[in-house]
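Heads up: the sequence shown at position 79 corresponds to 86 in the numbering used here, and the numbers run straight through without jumps. C-beta: ideal position from N, C-alpha, C; glycine also. Below: one structure, written as structure tokens.
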Amino acid sequence: YATGGNAAIYYGLGVTEHSQGSTTVMAIANLAMATGNIGRPGVGVNPLRGQNNVQGACDMGSFPHELAGYRHVAEGDTRALFETEWNCALDHEPGLRIPNMLDAAVEGTFRALYIQGEDILQSDPDTRHVSAGLAAMDCVVVQDLFLNETANYAHVFLPGCTFLEKDGTFTNAERRIQRVRRVMQPKNGYADWEVTQLIA
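This is the structure in structure tokens:
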């Protein structure tokens, strides 16, 4: 790697979801920098995200501290722009990340969670932490295709849609926007977003 010319590192969820994931990612980045394999064509560190639209979800503002376009919720000018466009008031405090939600649930200050298309009991490296947090909540709603491990903690389970029943776009790790066209109507009668909207 160090002497073979241009070299790039690609890594996936096996690295990031490991109990030492953050440390491992830093080690990978340090290795690339120490060997000069960063900052020019044909080299670099490239994380491969776990789902087909993680990039798109982040772009649209699914982080608890960022709005669409990676605009931070704590910035007054940014918040004012979105408040005007959305015709609502936005809290300047960021929301909680999943580990913090689970901590708060164990403490009794976070009481409900709606989980759509995610098996957090399997994807989080600390399953005991996730299990304790889910068990402490008053209401867990899971919307998914399968009765996964997280669904065992659900008070309500809602059917999800397959990619064949969805219409829209996915943005992959290369930041390529890919058009997806619905092949069939949702078997449950509603698209995922319609279920969310009806519950809201």
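Under 8 Å between the Cβ atoms of V148 and A158? No.
Spatial neighbours of F164 in its chain, beta-carbon cut-off 6 Å, leaving aside the 5 residues before and after: V149 and A158
H99 vs A81 beta-carbon contact at 8 Å: yes
For F177, write down the residues that DSSP places opposite it in a beta bridge. Q185
Would DSSP call I45 helix, strand or coil? coil
If you compare alpha carbons, which of R189, A14, M33 and T30 is closest to P48? When C-alpha distances from P48 are compared across R189, A14, M33 and T30, the shortest belongs to A14.
Please name the residue, chosen from D151, E181 and Q192, that lies closest to N53 on a Cα-to-Cα basis. E181
Any contact between the segment 19 to 28 and the segment 52 to 66? By contact I mean 3 or more CB pairs, one from each, below 8 Å. yes
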